[in-house]
Structure formats: structure tokens, C-alpha cells
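Written out below as C-alpha cells is the structure these notes cover.
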Amino acid sequence: MKKSYEFALRAFFYDFCIPQTNGKLSRGFLSGLEAMAYRLGPESNLVKACQAVSFFSHAKPLNRPHMHERAERLHQELLGSLARAIEVPTLVASLETRYIALLLGLCEISAANSADHRSHHAHAKGLSALLKTGTSPLDLLRIIRDGNRPDANGSSGRYQETRPRFRPRGIFSVPALIDGEECLDNLMLDLDSLQTRFSTAFDTGTLSPGLGEEISSLYQRFSSWSSSRCPGFRPITVTHLKQSVVTSGIAAGCWPGRIDTYFDLYVAGVWNIVRTSQLRIIDMMVKLSDYHGDTEASLHWIPRANAVVEDILASIPYHLTDNLHAFIDEHATGEAINDRGKSLGGLLLMHPLYVASIFSFIPEKMRSYMKQCLLWIGIEMGLGQATLLAEAHDIDRSYLESGCVIIWAGFLG
Numbered sequence: 001m002k003k004s005y006e007f008a009l010r011a012f013f014y015d016f017c018i019p020q021t022n023g024k025l026s027r028g029f030l031s032g033l034e035a036m037a038y039r040l041g042p043e044s045n046l047v048k049a050c051q052a053v054s055f056f057s058h059a060k061p062l063n064r065p066h067m068h069e070r071a072e073r074l075h076q077e078l079l080g081s082l083a084r085a086i087e088v089p090t091l092v093a094s095l096e097t098r099y100i101a102l103l104l105g106l107c108e109i110s111a112a113n114s115a116d117h118r119s120h121h122a123h124a125k126g127l128s129a130l131l132k133t134g135t136s137p138l139d140l141l142r143i144i145r146d147g148n149r150p151d152a153n154g155s156s157g158r159y160q161e162t163r164p165r166f167r168p169r170g171i172f173s174v175p176a177l178i179d180g181e182e183c184l185d186n187l188m189l190d191l192d193s194l195q196t197r198f199s200t201a202f203d204t205g206t207l208s209p210g211l212g213e214e215i216s217s218l219y220q221r222f223s224s225w226s227s228s229r230c231p232g233f234r235p236i237t238v239t240h241l242k243q244s245v246v247t248s249g250i251a252a253g254c255w256p257g258r259i260d261t262y263f264d265l266y267v268a269g270v271w272n273i274v275r276t277s278q279l280r281i282i283d284m285m286v287k288l289s290d291y292h293g294d295t296e297a298s299l300h301w302i303p304r305a306n307a308v309v310e311d312i313l314a315s316i317p318y319h320l321t322d323n324l325h326a327f328i329d330e331h332a333t334g335e336a337i338n339d340r341g342k343s344l345g346g347l348l349l350m351h352p353l354y355v356a357s358i359f360s361f362i363p364e365k366m367r368s369y370m371k372q373c374l375l376w377i378g379i380e381m382g383l384g385q386a387t388l389l390a391e392a393h394d395i396d397r398s399y400l401e402s403g404c405v406i407i408w409a410g411f412l413g
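The opening position of the sequence shown corresponds to residue 1 in the UniProt record's numbering, with each subsequent residue numbered one higher.
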């Protein structure tokens, strides 16, 4: 029994943690968690939270109901511990407490299914409260831009340390993301503001004459930002997959065309956040063109949308495989993914896949393939929310935003 908990902890570190190996390019993911877990010891709530996530995410792929039961027991125990911790001023501000709230959210994401969406939104709200932000992932960026976010490298509460106070750093603050004329944080916030105004104007039929130009300008700003990134941050094409002879469906990771590799999953995740942002802009332009009955203008944006989705599809094998080059060699003999990659790859990929799959201007074959990949993530990586996203017809926006809060908080370190 003890060994299984030790294995679960090591599996969690492999599946969900990325160390920060190059601060110019990447922030990693939960990069400080492993060291803290070992400092706090095997009986700590932080270690138990890691084990709970691991048991949840491996129960379904391995068909081990007892793992799910262990995860539920740990989850219930930790809910009580977290409730008590947030009543203690020295603990509520600790990095350990923030980690536990985030991990409980990952438990809910793993355990979700079509019949039970679970309550990850409650943990997202708790996490936002601990970070002193609003409940939208972009509220986190607003606080960071104003320089008011608590230090993500603060003490754990149990192990107090004296550290110099640095200027708070956000999830998109690495030099590779902020070099140049545009900052990704500002682009994302400008998109959120514009989309809010567009939705209100579209719903009320009060679209202003200059709105289309404003939307198009923002798209160009995103494009300029993308093209001006340093070589180390850009995706690298490693091969092109040929069209499979199978016609019944395309297996996850096997979409014919380009396959790209990245510095790490943080970098790959950021690129897909940018790509879904570009698709949201195109969606506004298509709606605006259709509203004015301008079919030609609407069709102008479709090739651009397809190109953005092709970029997302080219990133899928990198997210889902353990060894990209081995997968490419196996695919030449007709094999699909045999060795799945880190669960984090599926976690970072599932929301971009869902967002891209719901736009009606994307070809149906692409949309169907992305849903197939979501199903694969749910089954093979044990992330039940991916199955829910693949099967649900309409997901509430707040549900998606809560998931993003939990996931994006992992970029803080």
C-alpha cells in the first residue's frame, strides 16, 4: 500500500510538473512544487493532494476502480484541511495552500464526466481568492499588469524564508513573450475588452462603423507578435505525416500534415492560447461580415482560420506522445500513439481543442478530429473533463474559464 502512494507521487511529478530550465523562454509548470513536496514530507497535505490527482488520472486508463476510491478519500480529507487552512492568516497566504487549492481543482478536472461535471469552479474561485484576483483567468493578468499580485515565490507557511521582494511576474512574463513592441498580456486583455464590446453591440444590433477595422487591426497585432518571436520560442517542424489509407477515422495525433516540436509544454501551451485568441478574432469578423451580408469578406477569413487550426493540429503529437520521434517512426508502419505522454500535455491541449471545434466556419472533418482527440485525452490520460468537452453540445463559459484559472495558475511556478 505504501509503495503505491510513493509511485503515485512520482507519477504526478512526471505527469504534471515541468522545471523551469530556461527563464528566457519558459516558466515551466508547477515548477516549484516537487521541491516543496519533498521538504514538507510524505504526510503533508501537499503530497496527499499530488497523490489524489495521480490516482484520479490513472484510475480510468489502467481500469483500476480502487485508485478512484483512494483518490476520493484523499480528496474529501483535503477539502476539510483546506477549509481549516484558509482560516489561518499565515496559511491562507502561503504557496502551499495555493498549490493544494490548484491540485484539488485538477482532481475535479480528472474526475469529471458527462453525467457529473464536478465542481472545479468552486476550487477556481478559492484559488482566485488566494491569489486576490477576479474569477476570470484574464483578471489574473490585470492584477499582474498593475503589479499587485502576491509573490508567487513566497514561503509555504510551514517553512518561512527571508527573500528579497521582486516585482511580481505573470504567466506570460518571460523575455521571449514580452520582447518587442507588443506584450502578450496586453494583447489578451485588449481582445477580452473588444470581444465584450462586440458581443454587446452584436446582440443589440448597435454595431459601429469602425468596429470591423478595430477587430482586423487586433488580428494583425497578434500576427505581428507571433512572427516576431525569437527562434528558440517558435515551433520547429520535424516532419509531415502522409495521408493514412484508413478512411473510417483519423486516430489521435495522426492528422496528415505538419508535425511541430517545441521547447517545452509551457511554450506549446502559450502558442495554442494565442491561436485560440486568433480564432476568436476571426469569429467576430465572420459574424460581422455575415451581419452586413458581405459573403466575400466572410470567405476572406476562412483560409486564415484553417491555417490557425492547422497549427493547432500540428502541435497535437507533441502534446500527446511520450517520444515524438518514436511516434513518427511507428506511424510509418501504420501505428497510432502507443506511449502516451505527460498528462499535462492533454491538460494544456483540451481547452484549445474544444474552442477550435465549436466554430462553424472550421471544416467539419477538422472539428470531428479535434473531438476525437479530446475523447482520446479523456480515456488515455484520465482527464475526464476532456471527454465531457468532446461530448457536450454546449458548455457554459464560466465552466471553461474556471478550468483556465486552475490551469493557468500552474504557470505561476
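Don't be surprised by glycine CBs; every beta carbon is placed ideally from N, CA and C.
Close Cβ partners of F198 (< 6 Å) along its chain, the five nearest in sequence each way excluded = Excluding sequence neighbours, F198 sits near M284.
Enumerate in chain order the residues of its own chain whose CB-to-CB distance from K60 is below 6 Å, with the five nearest sequence positions on each side excluded.
-> Hits under 6 Å: G382.
Coil, strand or helix - I259 by DSSP | Three-state result, I259: strand.
query = So what does DSSP say about R64, is it helix, strand or coil?
reply = In the structure shown, the three-state DSSP call for R64 is coil.
Subject >> C-alpha distance - T200 paired with S208, whole-angstrom precision >> reply: Rounded to the nearest whole angstrom, the CA to CA distance from T200 to S208 is 11 Å.
Judging by CA-CA distance, which residue of P352, H325 and S368 is the nearest neighbour of G341?
H325 is the residue among P352, H325 and S368 whose C-alpha sits nearest the C-alpha of G341.
_Distance, K24 Cα to P175 Cα_ = A direct Cα-to-Cα measurement between P175 and K24 gives close to 5 Å.
Spatial distance of K2 from S224 (CA atoms): Each residue's Cα considered, the two are about 53 Å apart.
Taking Cβ positions, are P303 and Y262 nearer each other than 8 Å?
In this structure, P303 lies away from Y262, with their beta-carbon atoms at least 8 Å apart.
Q) How many angstroms separate the CA atom of residue 459 from the CA atom of G134? A) There is simply no residue 459 to check, as the chain begins at 1 and stops at 413 in what is shown.
Checklist entry - Per DSSP, which one or two residues make a beta bridge with L241? => result G257.
Quiz item: What are the boundary residues of the alpha helix (DSSP H) that C404 is part of?
Solution: R397 to A409 is the extent of the alpha helix (DSSP H) around C404.
Q) Under the three-state reduction of DSSP, which class applies to T321: helix, strand or coil? A) In this structure, T321 counts as strand in the three-state DSSP scheme.
Original post:
Do the CB positions of Y99 and Q51 come within less than 8 Å of each other?
Top reply: Result no, Cβ atoms of Y99 and Q51 do not sit closer than 8 Å.
Item to complete: Leaving aside the five residues before and after V47 along the sequence, list all residues of the same chain whose C-beta is less than 8 Å from its C-beta, in chain order.
Response: Excluding residues within five positions, the ones whose Cβ falls inside 8 Å are L9, A37, L40 and G41.
For I337, three-class secondary structure by DSSP: I337 falls in the coil class under three-state DSSP.
Counting along the chain, where does the alpha helix (DSSP H) carrying G232 start and finish?
From DSSP, G232 is part of no alpha helix (DSSP H); its letter is neither H nor E.
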